[in-house]
Amino acid sequence: MAYGEKLLMRDLNFSVKRGAIFVIMGGSGCGKTTLMRHMIGLIEPAAGEVLYDGKSFTKAGPEQREAMLRRFGVLYQAGALWSSMTLSENIGLPLEEFTDLSPAEIREVAALKLALVGLSGFEDFYPSEISGGMQKRAGLARAMALDPEVLFFDEPSAGLDPISSALLDELILDLRDNLGSTVVVVSHELASIFKIGDDSIFLDGESKTMIASGVPKDLLDHCGDPRVHRFLTREAPEIGDHHG
Amino acid sequence: MTANDNLSFERTGDGTLLIRLQGAWRMHHGMPSASQMEREFHAGFAPQRVAFESGGLAEWDSSLLSFVWSVSELCIRRGVEADPTGLPPGLKNLLELAEAVKEKKNEGRGTRRPSLVERLGRASIAAADSLGESLRFLGQVAVAFGNLARGKARCRVSDLFETIQECGANGLGIVSLISFLVGVILAFMGAVQLQQFGAQIYVADLVAIGTARDMGAIMTAMIVTGRTGAAFTARIGTMKVTEEIDAMTTMGISPIEFLVLPRIIALTLMMPLLCLYSDFMGIIGGASIGAGMLGLSTAAYLRESIHALHAHDLLGGLFKSLVYGILIAFAGCLCGFECGRSSSAVGEATTRAVVMSIVLIVVSCGIFAVVFNILKI
Chain A
16 MAYGEKLLMR DLNFSVKRGA IFVIMGGSGC GKTTLMRHMI GLIEPAAGEV LYDGKSFTKA
76 GPEQREAMLR RFGVLYQAGA LWSSMTLSEN IGLPLEEFTD LSPAEIREVA ALKLALVGLS
136 GFEDFYPSEI SGGMQKRAGL ARAMALDPEV LFFDEPSAGL DPISSALLDE LILDLRDNLG
196 STVVVVSHEL ASIFKIGDDS IFLDGESKTM IASGVPKDLL DHCGDPRVHR FLTREAPEIG
256 DHHG
Chain E
4 MTANDNLSFE RTGDGTLLIR LQGAWRMHHG MPSASQMERE FHAGFAPQRV AFESGGLAEW
64 DSSLLSFVWS VSELCIRRGV EADPTGLPPG LKNLLELAEA VKEKKNEGRG TRRPSLVERL
124 GRASIAAADS LGESLRFLGQ VAVAFGNLAR GKARCRVSDL FETIQECGAN GLGIVSLISF
184 LVGVILAFMG AVQLQQFGAQ IYVADLVAIG TARDMGAIMT AMIVTGRTGA AFTARIGTMK
244 VTEEIDAMTT MGISPIEFLV LPRIIALTLM MPLLCLYSDF MGIIGGASIG AGMLGLSTAA
304 YLRESIHALH AHDLLGGLFK SLVYGILIAF AGCLCGFECG RSSSAVGEAT TRAVVMSIVL
364 IVVSCGIFAV VFNILKI
C-alpha cells in the first residue's frame, strides 16, 4: 500500500475465513483504515491484489466488481450517512436500487434494521438531528441493509459510550452466529478485540508490515513481539525506550 | 558570570557550564533566545558538560521546559553532556517524556525551497494531471448518460425535481434583480449617446438585441455560477469529506449517475428558461429608462423592442444559455469530486469551480461570437 511514492505497508499476506470476526489492529496512523479501504476497493493497491472466494476483486471488470460490492456492507468511522436523506431513506436506498421490494416493504425493512440497532422511532430523522453515536448506529443499520455476506467496520466503537460499545459487540457476535456474516473490524478497543476477535493481524507503522497474526487472546498470551504485547496490555513504553 | 532576570551562567573549573535557574518562569514573561545559549557556548572555553541549578526557582511553566529542552538539543548537537540532576523532578520527567520517542527523520516536509524550474515542472505535471482528470470525468459522465439512455442509470427523479426547484424557481428573485438592472444600465448608456442624435427610440433596439443575443445568457450564467455551481461543488465536496461518496461507491451505486446526472439535466433544462426570463426583465429594465428618462411611452418602447428582435437573436441566446448551463454543472460537479478531504479543501474547490465556470463561459462566448459571425446568424 502506498500514497504515491510513499510506502505505507508492504508484504501484507493474510486471509479472512468465512464466518469469522477478523480484527485489524495496530497503532494510530499505521494504515488500518487504509488497508480496509483497499479491501473494499476504494483504493487500488500499489502491488498485489485482493481476492474474494479465490476471485480477484482488484482486477475484476465493472459488472463483476459491482456484484461483489453488493456482498459487502461498510460502516465508516463517522457513519457517512447521506445528510439529505432521513435514516429510513438512507437504509432504503440500497434496497430500492438492488431489490424488487415495494416502497412500503422497504420502509418496513428499514424500520426493522433501525430497531436492531436501538433506533426504533427515528426513521424520519435526518442525520444532523441525532447524536454522533446514533449516527454510528444508523450507519451500521445501513451497512446491514442488504444482509451482506461481509461486513466491514471502521472503528465501530469510536465515540460510543461503554454500554453502547458493549451492545455493539453483542450485535457483531449475533451477526456472526445467526447470519453467518464475516466481519472485518478495524479497531484498537482492547475490550472489543478480545471479546469478539476470532482472528487478527497486527500492523506496525515503523516496520511498515504486519508483525503478528492470530487469535487476539493467543497473541496476548504467546506473542513474543514486545510491540504487540505492549499494545495488547495497554502498556506505555518505558521513558527512554525508543520505538523501532 | 553573565545574567538576566531568571537565568545566570557560571563556568566551573572542571569544564562545566552551570546554568542557574531562579525566580518565576512564565510564558508571558518571554524566554531566553537560542542565540543567547549559543553565545554562552562560544564565550570562554568550550564546556564539556552542562549542569543545572534550580534552588532559587519559584513557579514555572512550559517556558522553562522549552528552554531546558533547547539547551538539551544544543548539547546533543555539540556533543556535550547535559546533566539534568539539578532540575526539579517534575521538569525532569517531562523532559524525559519529550525525549522518549526519537524524532522521525524524513517525515517532515523539509525547508528547501524548490527552484523555479522545479516549480514550473511540478505545475506543468499538475496541469496535465488535472486535464487528464477532467477528461476522465467527462468520459464517466458520458457513460452515465449512455446508461440513462438505456434506462439503466441509478438516479432519483425526486433529486432531479429538487435540483430544478433549487436552481430554477428559487433563482428567479436574483435573476429578476440583476437582469432588470442590466437592462437599466444598457438603456442608460445607450440613451446618453442616442439622445444627442434624437434617436432615443433605438435604445429599445439596443437593449432588446443586446440582452437577447448575449447579455441575458451571460448574466444568467454568472448568477447561476455563483449561486448554483458553487452550491454543487460545496455539496459534493462535503459529501467527499464525510465519506458519503465512498459509502455510495462501496454500495455499488455510481456517484456520477446519482449526483451528477440530475444536476446536469436540471441546469440544462433551467438555464434557457431563466435566460428567457432574464431577457424579459432586461427589456422591462430598459423600458423603465425609456419611460423615465427619454419620455417614451411603454407601449412604443415595447413595440420597438419586438420589432427589433428576430427569432435568431432569441434562439441564439437561448442556445448559448443551454451550453453555459452544461458547462456550469460540469465544472461544479468536477471540482466537487476533486475536492480534498478537509473543510478548507471544500472552500478551495468551490473557488476553483466558480473560476473554471467563468473562464469556460467567457471562452465559449468568444467561440459563439466567431461561429455566429461566420454563419451570419
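Protein sequences, first through last, are from chains A and E.
Using our numbering, the letters of the first sequence correspond one by one to residues 16 to 259.
Using our numbering, the letters of the second sequence correspond one by one to residues 4 to 380.
For each residue, glycine too, the CB sits at the ideal point set by N, CA and C.
Predicted, not measured: the structure shown is a model, and the values here were computed from it.
Cβ shell of residue i (< 8 Å), same chain only, five flanking positions each side left out
i	result
K21 of chain A	none
A233 of chain E	G335, T353, A356 and V357
L123 of chain E	none
F48 of chain E	R14 and G18
V230 of chain A	G212, D213, D214 and S215
F191 of chain E	I292 and M296
F137 of chain A	L102, L129, I145, M149 and A153
R249 of chain A	L205
Given residue i as reference, the closest of the options once Cα atoms are compared
i	options	result
I178 of chain A	A:A206, A:G56 and A:G19	A:A206
D282 of chain E	E:A215, E:A234 and E:L325	E:A215
V357 of chain E	E:L330, E:I380 and E:F375	E:L330
L277 of chain E	E:F148, E:G285, E:T223 and E:M251	E:T223
A27 of chain E	E:S75, E:S65 and E:L60	E:L60
W72 of chain E	E:A49, E:P35 and E:G58	E:P35
A156 of chain E	E:V206, E:A145, E:D17 and E:G33	E:A145
Q92 of chain A	A:F37, A:F140, A:K32 and A:A158	A:A158
S99 of chain A	E:A131, E:G142, E:E165 and E:A49	E:E165
G44 of chain A	A:H203, A:A227, A:A119 and A:P231	A:H203
I239 of chain E	E:R153, E:G350, E:P50 and E:I181	E:G350
A207 of chain E	E:F44, E:L297 and E:S69	E:L297
V199 of chain A	A:A17, A:G133, A:G63 and A:M54	A:M54
G81 of chain E	E:Q168, E:M40 and E:P92	A small correction: the amino acid at residue 81 of chain E is Arg; Gly does not occupy that position in the sequence shown. When only C-alpha atoms are compared, the closest one is E:M40.
G33 of chain E	E:A46, E:I361 and E:F70	E:F70
S308 of chain E	E:L97, E:Y205, E:M242 and E:F235	E:Y205
V162 of chain A	A:G69, A:I106 and A:R249	For the sequence presented, residue 162 of chain A should be read as Asp rather than Val. Selected option, being the one with the closest Cα: A:I106.
R42 of chain E	E:F12, E:A101, E:H315 and E:R23	E:F12
Cβ neighbours of residue i in the same chain (closer than 6 Å, five flanking residues each side left out)
i	result
A54 of chain E	T19, L21, D86 and G89
L209 of chain E	G193
G288 of chain E	F183, G186 and V187
G259 of chain A	Note that G259 of chain A has pLDDT 38, beneath the 50 cutoff, so the model's placement of it is unreliable and no number is given.
A6 of chain E	Confidence at A6 of chain E is low in this model, with a pLDDT of 39, below 50, so its placement is unreliable and no value can be given for it.
T328 of chain E	Looking at the sequence provided, one finds Gly at residue 328 of chain E rather than Thr. Here the set comprises L270, T271 and M274.
Closer than 8 Å at the beta carbon, the chain A residues around residue i
i	result
I256 of chain E	L108, P109 and E112
Rounded distance between the beta-carbons of residue j and residue i, thought under 8 Å
i	j	result
M218 of chain E	V185 of chain E	6 Å
P109 of chain A	A156 of chain A	Contact flag wrong, Cβ pair sits at about 11 Å.
G195 of chain A	G34 of chain A	5 Å
I39 of chain A	I216 of chain A	6 Å
L96 of chain A	P142 of chain A	4 Å
C158 of chain E	L264 of chain E	5 Å
G212 of chain A	G42 of chain A	Wrong, their Cβ atoms sit about 17 Å apart, outside the cutoff.
F167 of chain A	F87 of chain A	6 Å
I203 of chain E	L312 of chain E	According to the sequence shown, residue 203 of chain E is Gln rather than Ile. Q203 of chain E to L312 of chain E, Cβ: 18 Å. No contact.
L325 of chain E	P258 of chain E	The pair is not a contact, with the Cβ atoms about 25 Å apart (cut-off 8 Å).
F37 of chain A	D236 of chain A	Their Cβ separation, rounded to whole angstroms, is 19 Å, which puts F37 of chain A and D236 of chain A out of contact at 8 Å.
R266 of chain E	A348 of chain E	That pair is no contact at about 20 Å.
Chain-ordered neighbours of residue i on chain E, where CB pairs are closer than 9 Å
i	result
F246 of chain A	Within chain E, no residue comes near F246 of chain A; the closest Cβ sits about 15 Å away, beyond 9 Å.
R85 of chain A	M254 and G255
S43 of chain A	Chain E residues near S43 of chain A: none, gap ~13 Å exceeds 9 Å.
S215 of chain A	Those within 9 Å of S215 of chain A in chain E number zero; the least Cβ separation is about 22 Å.
S71 of chain A	Within 9 Å Cβ-Cβ: nothing; S71 of chain A doesn't reach chain E, min ~17 Å.
Contact set for residue i: own chain, Cβ-Cβ below 7 Å, skip 5 residues either direction
i	result
R25 of chain A	K223 and T224
L337 of chain E	S137 and F140
L183 of chain A	P171, S172 and L175
S179 of chain E	M284
I181 of chain E	M222 and I226
Interface residues of chain A facing residue i [CB-CB closer than 7 Å]
i	result
R157 of chain E	E112
Contacts that residue i makes with chain E (C-beta to C-beta distance below 8 Å)
i	result
V200 of chain A	Within 8 Å Cβ-Cβ: nothing; V200 of chain A doesn't reach chain E, min ~16 Å.
Y91 of chain A	E246, D249 and A250
A95 of chain A	T245, E246, E247, D249 and A250
E81 of chain A	G255
Distance cut-off 7 Å: residue i Cβ against heavy atoms of the ligand NAP
i	result
G124 of chain E	Questions concerning the ligand NAP fall outside what the structure shown contains, since it holds no ligand whatsoever.
Under 7 Å from the C-beta of residue i: neighbouring residues of chain E
i	result
S207 of chain A	Those within 7 Å of S207 of chain A in chain E number zero; the least Cβ separation is about 21 Å.
Positions along the segment 239-255 of chain E whose CB lies within less than 7 Å of some CB in chain A: T245, E246, E247, D249, A250, T252, T253, M254 and G255
Against chain A: residues of the segment 65-98 of chain E by CB proximity under 7 Å: none
Residues within the segment 48-62 of chain A neighbouring chain E, beta-carbon criterion of under 9 Å: R52, I55, G56 and L57
Chain E contacts from the segment 110-138 of chain A (Cβ-Cβ distance under 9 Å): E111, E112 and F113
Residues of the segment 141-172 of chain A with Cβ closer than 7 Å to any Cβ of chain E, in chain order: none
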